[in-house]
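Here the sequence shown stands for residues 0 to 506, where the numbers follow numbering that gives the first Met the number 0. C-beta atoms are modelled at their ideal positions from N, C-alpha and C, and glycine is treated no differently.
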Amino acid sequence: MRRVLRRARDGVALNIDEAAVALTARGADLADLCASAARVRDAGLISAGRRGPNGRLPVTYSRKVFIPVTHLCRDTCHYCTFVTVPGRLRAEGRGMYLEPDEILEIARNGAALGCKEALFTLGDRPEARWPEARQWLDERGYDSTLAYVRAMAIRVLEETGLLPHLNPGVMSWAELSRLKPVAPSMGMMLETTSQRLFETKGLAHYGSPDKDPQVRLRTLTDAGRLSVPFTTGLLVGIGETPAERADTLHAIRRLHKEFGHIQEVIVQNFRAKDHTAMAAAPDAGFDDFLATVAVARLVLGPGMRIQAPPNLVSRAECLALLGAGVDDWGGVSPLTPDHVNPERPWPALDELAAVTAEGGFDLVQRLTAQPRYIQAGSAWIDPRVQAHVAALADPDTGLARDVNPVGRPWQEPDEAAESLGRTDLHSAIDTEGRRSRTRSDLGDAFGDWESIRDRVGELAARAPERIDTDVMAALRSAERDPGGCSDGEYLALATADGPALDAVAAL
0 MRRVLRRARD GVALNIDEAA VALTARGADL ADLCASAARV RDAGLISAGR RGPNGRLPVT
60 YSRKVFIPVT HLCRDTCHYC TFVTVPGRLR AEGRGMYLEP DEILEIARNG AALGCKEALF
120 TLGDRPEARW PEARQWLDER GYDSTLAYVR AMAIRVLEET GLLPHLNPGV MSWAELSRLK
180 PVAPSMGMML ETTSQRLFET KGLAHYGSPD KDPQVRLRTL TDAGRLSVPF TTGLLVGIGE
240 TPAERADTLH AIRRLHKEFG HIQEVIVQNF RAKDHTAMAA APDAGFDDFL ATVAVARLVL
300 GPGMRIQAPP NLVSRAECLA LLGAGVDDWG GVSPLTPDHV NPERPWPALD ELAAVTAEGG
360 FDLVQRLTAQ PRYIQAGSAW IDPRVQAHVA ALADPDTGLA RDVNPVGRPW QEPDEAAESL
420 GRTDLHSAID TEGRRSRTRS DLGDAFGDWE SIRDRVGELA ARAPERIDTD VMAALRSAER
480 DPGGCSDGEY LALATADGPA LDAVAAL
């Protein structure tokens, strides 16, 4: 522990083993760890030029409305009260999904109160489990739940001006591509990389196909490849070990290092809820939670925004979280409840500002995407929502302006694609030649070179791929008589890839 605390004081990122040790810090060791994490946080905010005119650093939040598109889900997480079943919805007189008018009413009321974020939350692919969900979508002409979410995000943009933040669970590359043009940011909690919690009967994620850590990591990877500003995080106290928790933090760190797209990491403490399989499980201990926040800061570094939900802790605990490296409170709503934790109301914004000031910080409103992504423009924010974002963003800071949202049209940009880099090559390349050895946005286009080097090493270490037998037979036939192959053999050669294509080219 002494070595780990010394490295933390030096501001060194902790490796997995060191992080696992640090997670067990208590008493004076925990106070030392938190102080180191707070220094790292402060250094990052100062380096980013975030100090306010009064000399204090900001802690951000997003004023939002919570839109529970549907409470149906195909998963059965053992701690969740957000999800229900069709029979209960019918008994309560509710539909399988919120209707468009219900969604827009929530958004309009939020806009009138100065909210700027519309958080779309829902269960994973309910139509895959519930015929009632499939019927509801079919009757309204939607192929899937995500198609409905996309349509409603566009209506919220056009009719209210609120910025959608989409949290629909696991998404494929194609689904992320379809949703990026209608939302400045998206999110999905990684929760844990523990395969044990997913594969062992009776544990938190057993029987929930979308909680397979490998599936969730794939969504995070695809979001990075598509340059989607993405929120993720971990859930503390659902049965994971310190080593598994440390591994979760490092998985997030690796992904962000490769793609730079993780805009904030939520560290959320488990709270047991009645009528769930884990109702008798103990809440996450606060010291355990506090140590996790501090370790998250030390693993993820000064540039990451570390978020903790203020409605899941007391006022005194909020102050302790500020002292452990938190610099974002996440979404807070003056209108809608936290439908995921309905028993824990949001703090009033005046109260949150007061406790933040007591901790030595200014409470500052941001938008759904963190400032650096907004200021980077089309590299991260799709052109189709850039005007909506610009209407609410301070151009100097990327934070929220003190205005109420107003709806504006969502449409394809006038130009099919924005021209980046040199656009005069057709006329100047022969006379001027190249002006630099590499393209100007090399780092943004190709990511972190160390990560690429590691990935190349992984690929090189794999066993060589074998050539399919049909391609091998076609190669032998072509070697004997290039003009005498059958149609099937020519087709096998024409569709070869990987090592088989190399063999065709060599022939």
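Per DSSP, residue 323 lies in no beta strand (DSSP E) segment and is marked neither H nor E.
It is roughly 22 angstroms from the alpha-carbon of residue 385 to the alpha-carbon of residue 102.
Taking C-beta atoms under 8 angstroms as the contact rule, residue 369 and residue 262 qualify, at a distance of about 4 angstroms. When DSSP assignments are scanned along the segment 342-400, the uninterrupted stretches of beta strand (DSSP E) that are 3 or more residues long and fall wholly within it turn out to be 360-365.
Beyond the five residues adjoining it in sequence on each side, residue 154 comes within less than 8 angstroms, by CB distance, of 99, 102, 103 in the same chain, given in chain order. When secondary structure is reduced to three states using DSSP, residue 262 falls in the strand class. Of all alpha-carbon atoms in 1, 282, 362, 138, the one lying nearest the alpha-carbon of residue 78 is that of 282. For residue 403, the three-state secondary structure derived from DSSP is coil.
Within a 10 Å sphere around the beta-carbon of residue 279 sit fewer than 16 other beta-carbons, which makes this residue exposed. DSSP places residue 276 in the coil class of the three-state scheme, outside both helix and strand. Take residue 105, set aside five residues on each side of it, and the residues of its chain with a beta-carbon closer than 6 angstroms to its own are 64, 66, in chain order.
Residues of the same chain with a CB within less than 8 angstroms of the CB of residue 209, apart from the 5 flanking positions on each side, are 73, 74, 123, 124, 168, 169, 215 in chain order. Contact check for residue 396 against residue 58 fails: the beta carbons are separated by 8 angstroms or more. Rounded to the nearest angstrom, the gap between the Cα atoms of residue 161 and residue 6 is 44 angstroms.
Residue nearest to residue 299 within the set 250, 317, 342, 346 is 250 (criterion: CA-CA distance). When the Cα atoms are used, residue 1 and residue 323 turn out to be separated by approximately 18 angstroms. For residue 66, there is no enclosing alpha helix (DSSP H); the residue is found in the beta strand (DSSP E) stretching over 56-69. Within the same chain, and ignoring the five residues on either side of residue 499 in sequence, the residues whose Cβ sits closer than 7 angstroms to its Cβ are 466, 467, 470. Non-local C-beta neighbours of residue 352 in its own chain, meaning closer than 6 angstroms and more than five positions away in sequence, comprise 362, ordered along the chain.
In the structure shown, residue 181 adopts helical secondary structure according to DSSP, grouped into three states. Following the DSSP letters along the chain, one finds residue 108 in no beta strand (DSSP E) but inside the alpha helix (DSSP H) bounded by residues 99-111. Judged by their CB atoms, residue 115 and residue 492 are not nearer to each other than the 8 angstroms cut-off.
The beta carbon of residue 129 is closer than 7 angstroms to those of 71, 85 in its chain, skipping five residues each way along the sequence. Rounded to whole angstroms, residue 157 and residue 39 show a C-alpha spacing of 41 angstroms. The three-state reading of DSSP puts residue 117 in strand, counting E and B together. Within 10 angstroms of the beta-carbon of residue 307 lie 16 or more other beta-carbons, which makes it buried. Beyond the five residues adjoining it in sequence on each side, residue 406 comes within less than 6 angstroms, by CB distance, of 157, 158, 159, 160 in the same chain, given in chain order.
For residue 163, the secondary structure class from DSSP, reduced to helix, strand or coil, is strand.
Ranked by Cα distance from residue 382, the options 88, 409, 331, 480 are led by 409.
Here residue 39 is not bridged, per DSSP, to any residue. With a contact defined as Cβ atoms closer than 8 angstroms, residue 222 and residue 175 qualify at about 6 angstroms. DSSP lists 186, 263 as the bridge partner or partners of residue 230. A residue is called buried once 16 or more other Cβ atoms fall within 10 Å of its Cβ, and residue 301 is buried on that count. When rounded, the separation of the alpha-carbon atoms in residue 96 and residue 68 is 6 angstroms. Ranking 389, 204, 200 by CA distance to the CA of residue 374 puts 389 first. Residues 245, 246, 249 of the same chain have their beta carbon placed closer than 7 angstroms to that of residue 15, with the five preceding and five following residues left out of the count.
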